[in-house]
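So in the numbering used here, the last one in the sequence shown is 335, and the numbering has no gaps at all. For every residue, glycine included, the Cβ atom is placed at its ideal position computed from N, Cα and C. The next block holds one structure in the form of structure tokens; read it before the comments.
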Amino acid sequence: MDMQFEKIFKRGDRNPAIIAGPCSAETEEQVLATAHALKGQNIDLFRSGIWKPRTRPNTFEGVGKPGLVWLRKVKEETGLKVTTEVANKEHVYESLKYGVDVLWIGARTTVNPFAVQDIADALEGVDIPVMIKNPINPDLNLWIGAIERIYNIGIRKIAAIHRGFSSFGDSHYRNIPLWQIPIELKRRFPDLEIICDNSHICGRRDILQEVAQQAMNLSFDGLMTEVHPNPDEAWSDAKQQLTPPNFKKLVDELIIREGASVEVQDSLAELRLQIDQVDNDLLDILSKRMGVAKAIGQYKKENNVPILQPARWSKILDKSAKKGEGKGLSEDFIVQLFRAIHQESINQQNEVMNS
Ligand code: PEP
Ligand code: MN
């Protein structure tokens, strides 16, 4: 579906939109203290979870409605715009009643088309920006589907929030970023703002800066980071929240690269031309390799030999990984590349066998 979005955040090219605030609203004092500290840091939007989707029951599930009164106070006292997570119709109606400026749909809601549609129905005829987090599983279409449901009821101010993807087992990240997914989203919808939620990607403080920087390097449009006056005592996500001064430091240290000058553009164009040529050569070589694979397939067919010979395949993989290393290519890359090539060879040989 073709979609044209309007910007939620009016920013210059060199200014990422900054969304910050606590994971959860806990008390009026905590919410207001965070908001006043962040007001001085020129943020674009104050976040705070009022209804918290928690993985396990019997943990803090949000303060509910009283939190909306505190958010309204944030607006009155600081002039900051506020955003909160909505997961059902009731949340939408309550948020609208209390003047929440922007809504966001959480990762656990984006996975469920019924829930997203319910939220969309509740927003019929309402002009409010909506930010949509990626689903917890790495499914780009599910993410786009949620965006379409909100778009279809007439909302144009939509942004996507990249918060990483759930995986089994220990990982460096709480939610692995799989950057190629938001990059593909941006490729398909160039005018859709994409915000990086480094807090939920990292799950820990020590790598928040590098993930935020990576998002800036990839031309993301903004950042959503959890900030708490006393992170270690936070009622949710204590390990990943920053104090206001540490958050200021993170933003101050971000390197935002300027748009390229004409000379730089020219040199880039030249280099890109070289890349295009190499890519063409790669395609020629791959096509040649598949031609040989097909000939082998034909020979195997005539001599009644099965397609897959695991020992031979293992040898190819080993040899290529070693050779690749000598050429500055990582083992991981070579293994992935050769697996894909091998799979395509098998597919092509299958076609020959079955013809
Ligand atoms: C949050 O932003 O506090 C939150 C619950 O995020 P997510 O939906 O990304 O898990
Ligand atoms: Mn959180």
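Candidates the options, of which the one nearest residue i by Cα
i	options	result
ASP177	HIS152, ARG136, SER147, GLN220	GLN220
ASN155	VAL11, PRO118, SER294	PRO118
MET334	GLY277, HIS322, LEU317	Per the sequence presented here, residue 334 reads as Asn, with Met not at that position. ASN334 has its Cα closest to that of GLY277, out of GLY277, HIS322, LEU317.
HIS16	ALA0, GLY29, ALA195	ALA0
PHE40	GLY29, ALA13, ASP264, HIS322	GLY29
GLU6	GLN289, LEU60, GLU243, ALA218	ALA218
SER147	LEU165, GLU173, HIS180	HIS180
PRO211	ASN260, ARG129, PRO225, GLU282	PRO225
GLY47	LYS69, CYS3, LEU18	CYS3
ASP298	LYS307, VAL315, GLU282, VAL231	VAL315
GLU128	HIS152, TYR153, GLN97	GLN97
TRP159	ILE175, SER325, GLY149, ASP150	ILE175
TYR73	GLY44, THR90, VAL91	GLY44
LYS69	GLU104, LEU60, VAL244, ALA87	GLU104
ILE296	LEU18, ARG319, LYS274	ARG319
LEU165	ASN283, TRP215, ILE124, ILE(-12)	ILE124
ARG184	THR205, MET196, ASP264, LYS19	THR205
ARG88	SER199, GLY42, GLU65, ALA102	GLU65
ALA273	LEU263, ILE287, ASN283	ILE287
ILE99	LEU317, TYR78, ILE23, ILE135	ILE135
GLN289	ASP312, HIS322, GLY304	HIS322
Enclosing beta strand (DSSP E) for residue i [first to last residue]
i	result
LEU188	Note, LEU188: premise wrong, no beta strand (DSSP E); alpha helix (DSSP H) at 188 to 197.
THR64	62 to 65
HIS208	Looking at the DSSP string, HIS208 is not in any beta strand (DSSP E), and its letter there is neither H nor E.
ILE138	138 to 142
heavy atom of the ligand PEP below 8 Å from residue i C-beta
i	result
PRO33	yes
ARG88	yes
GLU6	no
SER75	no
LYS113	yes
TRP84	yes
SER355	There is simply no residue 355 to check, as the chain begins at -19 and stops at 335 in what is shown.
GLU206	yes
GLY239	no
GLU65	yes
ARG292	no
ARG143	yes
ILE116	yes
Closer than 8 Å: residue i CB and nearest the ligand MN heavy atom
i	result
SER179	yes
GLY134	no
CYS176	no
GLY1	no
GLU213	no
GLN329	no
GLN289	no
GLN278	no
GLN10	no
GLY29	yes
GLN220	yes
Which of helix, strand or coil DSSP assigns to residue i
i	result
GLU173	strand
GLY277	helix
ARG27	strand
LYS45	coil
GLY304	helix
MET270	helix
VAL(-1)	The identity of residue -1 in the sequence shown is Ile, whereas the question assumes Val. ILE(-1) falls in the strand class under three-state DSSP.
HIS322	helix
VAL82	strand
PHE94	helix
ILE314	helix
LEU234	coil
ILE156	strand
GLU9	helix
PHE148	coil
LEU18	helix
SER241	coil
SER247	helix
SER294	helix
LEU203	strand
Residue i, enclosing alpha helix (DSSP H) - first and last residue
i	result
VAL351	As shown, the chain starts at -19 and ends at 335. That puts residue 351 outside it, with no answer to give.
GLU128	120 to 132
GLU104	First-last for GLU104: undefined, no H or E at that position.
LYS219	That residue, LYS219, is in no alpha helix (DSSP H); it is neither H nor E in DSSP.
SER179	178 to 182
LEU76	69 to 77
Residue i CB to nearest heavy atom of the ligand SAH below 8 Å
i	result
CYS182	This structure lacks the ligand SAH; its bound ligands are the ligand PEP and the ligand MN.
Segment contact, 8 Å Cβ cut-off, at least three pairs: the region 105 to 122 with the region 137 to 151: yes
Contact between the region 32 to 42 and the region 236 to 252 (3+ Cβ pairs under 8 Å): no
Three CB pairs or more closer than 8 Å across the region 312 to 329 and the region 277 to 287: yes
Cβ contact check for the region 73 to 87 and the region 95 to 109: 3 or more pairs under 8 Å: yes
Cβ contact check for the region 52 to 62 and the region 255 to 269: 3 or more pairs under 8 Å: no
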